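*Asks:* Numbering (our numbering), first residue to last: 356 to 491. Take a look at this one; I'll ask things after.
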């Protein structure tokens, strides 16, 4: 008798090692952190270290274009995407893809026990699909 095959979930394909920025951090420091860590998005946390938003590279570029010199006075909370859309680590990959499509996002934080433990990106999904084997 064959056992039930485990479905792949968000926790299986996510990138671990979340990088965060406090909501009062300047955008210049957010950009530096993202550049130093070579990441395309950063989770914004409040003073209690609860996740409250997300900043992507494109958000930084738009802020530079829109605010010009005032960019240097902006903080993370002023341009972050909110509310933060998340999925539990146990969410199956098909549902993850649907949530990303529904919200038109490319970075989806993964939570477990109320804490962000990773992030699923479109690259993670493509890498996962690239491992599929077609069987006759």
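Quick reminder that beta carbons are idealized off the backbone N, C-alpha and C, glycines included. If you're wondering where the values come from, they're calculated on a predicted model, not measured in any experiment.
Looking at the secondary structure, which residues open and close the alpha helix (DSSP H) in which residue 456 lies?
*Replies:* Counting along the chain, the alpha helix (DSSP H) containing residue 456 begins and ends at 448-458.
*Asks:* In chain order, what residues of the same chain lie with their CB nearer than 8 Å to the CB of residue 479, ignoring the 5 residues before and after it?
*Replies:* Here the set comprises 368, 369 and 370.
*Asks:* Under three-state DSSP, which class holds residue 483?
*Replies:* Helix.
*Asks:* Excluding the five sequence neighbours on either side, which residues of its own chain have a C-beta within less than 7 Å of the C-beta of residue 475, listed in chain order?
*Replies:* The residues are 365, 368, 369, 451, 463 and 465.
*Asks:* Would the beta-carbon of residue 459 fall within 8 Å of that of residue 477?
*Replies:* Not closer than 8 Å, so no.
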